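In my numbering, the protein residues as written are 19 to 124. Glycine included, C-beta positions come from ideal geometry on N, C-alpha and C. The model shown is predicted, which means the values in this text are computed figures rather than measured ones.
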């Protein structure tokens, strides 16, 4: 069973192959899907890394992997892949909402 907010099997099949493999700077991820779910949970909730559930693995490891994948633009490429594909098949609806109360006028 997939937890709330975690990757479904269909989502994992789409992005799993796009993730980089071992880059020589350490061992391969034991469970890449679990690590992605942990990073996703942290990003979604805004919680500090130290507050990640132990079920996702050591918070230090997830923090390091998040930073490494941010630096090599993996997260941006995954988002772009999903958006482009969904736009192509007409499955995505992208909305942007700007609230003027958060923008200061000078």
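Alpha-carbon to alpha-carbon, residue j and residue i
| i | j | result |
| --- | --- | --- |
| residue 61 | residue 37 | 18 Å |
| residue 33 | residue 82 | 20 Å |
| residue 49 | residue 77 | 14 Å |
| residue 89 | residue 79 | 15 Å |
| residue 67 | residue 57 | 9 Å |
8 Å contact criterion, which residue i and residue j should meet: CB distance rounded
| i | j | result |
| --- | --- | --- |
| residue 55 | residue 96 | Rounded, the Cβ-Cβ distance is 14 Å, inconsistent with contact. |
Best match in the options for proximity to residue i [C-alpha to C-alpha]
| i | options | result |
| --- | --- | --- |
| residue 70 | 87, 86, 52 | 52 |
C-beta atoms of residue i and residue j nearer than 9 Å
| i | j | result |
| --- | --- | --- |
| residue 74 | residue 93 | no |
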